[in-house]
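Some notes on the structure that comes next.
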Amino acid sequence: MNDLRPILEHLENALADPGQGVIGLVDKLLMASRQQDIRLGWQNGACVLSDLNGEQIDSVGVPLRKSVFRATLARIAALCNERYPDSVSPYGGRGTIAIEGDPSTLIRATFVNTPDTLSLDLTAVSPEVVSPIGLSHAKSSD
Amino acid sequence: MILLHGTTRLRADRIISEGPDPSYQEPGGQTLDGGFSTNLEIGPFLFGSVEGYAIGKSREFPNEGGPVVLAVDVPAEIVQKAASDWFPLKQGLIQFDYGSGLEELLDVWPNLSKEIRSVT
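Structural data, given as structure tokens:
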């Protein structure tokens, strides 16, 4: 099992400092996911961090409004659709987000944003494994 | 300030007559429980287009009259109540939650100018 303590600490810091709003939070999550695959959920007013096998690691100690989490997922959807228009629905799907840098990184985002389920997986991927044809278009309801 | 909300015609009609209802239960029993999300008409649209939300919701609920955008003219002081560190106005998304402008919005709702715009 990977050590998620660094990403947990990073996420706690990001949630404690909403200075750049939801947009800034998403930027921080994407930067963190360059180093470590992460899964986020929302339960009982808090973020829950898991590894990608679903084993819960810890809850982030900073309370988070549900609307903030939903907006985070909405921003992820918008970024996916910037790269490939209509690749995901606002309510869920799988797409990719490019992070500029040296080197630049592609992040695969898989998310569900519905009234009863809020979840987000972020995984760094190699550019050669991602193409518009290869994108999944899984969608979910709202 | 003109705020936009993407939804279906059935829901837009209900919102106009009754006001936003965060406890609204969708067909199937799901509770939205998410406040009332809008975007400034002037943008930016960093969280996706309002029309996209309307189309997405209409796809999931095809018997609700099709996608529309509800436009509401909300006094600036009430919009400011919804602004917060997480939702600064400059990011375009105006999120009304309990304790963050929703009560004030509901108080003045019957007196606000509203219109439904078709989405094609």
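Chains as they are written, first to last, in the numbering used here: chain A, 5 to 146; chain B, 25 to 144.
Glycine included, each C-beta is placed from N, C-alpha and C at the ideal position.
Fair warning: this is a prediction, and the values are worked out from it, not measured in the lab.
I'd like to confirm the pairing. Which residues does DSSP put opposite residue i in its beta bridges?
| i | result |
| --- | --- |
| Lys138(B) | Val96(B) |
| Gln24(A) | According to DSSP, Gln24(A) bridges with nothing at all. |
| Ala78(B) | The partner list for Ala78(B) (beta bridge, DSSP) is empty, contrary to what the question assumes. |
| His29(B) | Leu94(B) |
| Gln47(A) | Ala50(A) |
| Ala106(B) | Ala106(B) pairs with nothing; no bridge assigned. |
| Phe115(A) | Gly97(A), Leu124(A) |
| Leu110(A) | Ala102(A), Val129(A) |
| Ser124(B) | Asp121(B) |
| Thr62(B) | Ile118(B) |
| Ile42(A) | Leu126(A) |
According to the Cβ coordinates, are residue i and residue j closer than 7 angstroms?
| i | j | result |
| --- | --- | --- |
| Gly43(B) | Val93(B) | no |
| Val74(B) | Leu28(B) | yes |
| Trp46(A) | Leu126(A) | no |
| Pro67(A) | Ala50(A) | yes |
| Leu64(B) | Ile27(A) | no |
| Ile111(A) | Leu34(A) | yes |
| Gln119(B) | Ala106(B) | yes |
| Arg33(B) | Gly90(B) | yes |
| Val84(A) | Ser91(A) | It should be pointed out that residue 84(A) corresponds to Cys in this sequence rather than to Val. For Cys84(A) and Ser91(A), yes; Cβs fall inside 7 angstroms. |
| Arg141(B) | Ala95(B) | yes |
| Asn117(A) | Tyr95(A) | yes |
| Leu124(A) | Leu53(A) | no |
Which one of the options has the shortest CA to CA distance from residue i?
| i | options | result |
| --- | --- | --- |
| Ser108(B) | Glu86(A), Arg69(A), Pro89(A), Gln39(A) | Arg69(A) |
| Asp129(B) | Asp37(B), Arg141(B), Thr32(B), Phe60(B) | It should be pointed out that residue 129(B) corresponds to Leu in this sequence rather than to Asp. Nearest of Asp37(B), Arg141(B), Thr32(B), Phe60(B) to Leu129(B), Cα basis: Phe60(B). |
| Ile26(B) | Leu117(B), Thr32(B), Arg83(B) | Leu117(B) |
| Glu101(B) | Ser47(B), Val132(B), Arg38(B), Lys138(B) | Val132(B) |
| Thr114(A) | Arg87(A), Val30(A), Ser91(A), Gly97(A) | Gly97(A) |
| Gly123(B) | Thr109(A), Ser71(A), Ala82(A) | Ser71(A) |
| Asp120(A) | Gln24(A), Asn48(A), Ile42(A), Arg9(A) | Asn48(A) |
| Phe73(A) | Trp110(B), Ile39(B), Glu84(B) | Trp110(B) |
| Leu126(B) | Ile66(B), Pro99(B), Glu84(B) | Pro99(B) |
| Pro10(A) | Ser37(A), Gln24(A), Leu83(A) | Ser37(A) |
| Asn87(B) | Arg35(B), Arg141(B), Thr144(B) | Arg35(B) |
| Ser130(A) | Ser108(A), His14(A), Thr118(A), Arg43(A) | Ser108(A) |
| Leu29(A) | Arg43(A), Val52(A), Ile80(A) | Ile80(A) |
| Leu136(B) | Pro68(B), Asp97(B), Gly67(B) | Asp97(B) |
| Ile66(B) | Lys81(B), Leu113(B), Ile40(B) | Leu113(B) |
| Ile40(B) | Pro134(B), Pro68(B), Phe85(B) | Pro134(B) |
| Pro22(A) | Gln39(A), Thr76(A), Gln40(A) | Thr76(A) |
| Ala82(A) | Asp31(A), Gln40(A), Asp41(A) | Asp31(A) |
| Ser47(B) | Asp121(B), Glu139(B), Thr62(B) | Asp121(B) |
| Asp37(B) | Glu139(B), Pro68(B), Arg83(B) | Glu139(B) |
message = Could you tell me which whole beta strand (DSSP E) segments of length 3 or greater appear in the stretch 63-88 of chain A?
response = As summarised for the stretch 63-88 of chain A, there are no continuous beta strand (DSSP E) elements at least 3 residues long confined to that stretch.
message = Could you check whether the stretch 10-23 of chain A touches the stretch 90-108 of chain A, counting it as contact only if at least three pairs of C-beta atoms, one from each stretch, sit closer than 8 angstroms?
response = With a cut-off of 8 angstroms, the stretch 90-108 of chain A and the stretch 10-23 of chain A do not count as touching, because too few Cβ pairs lie within range.
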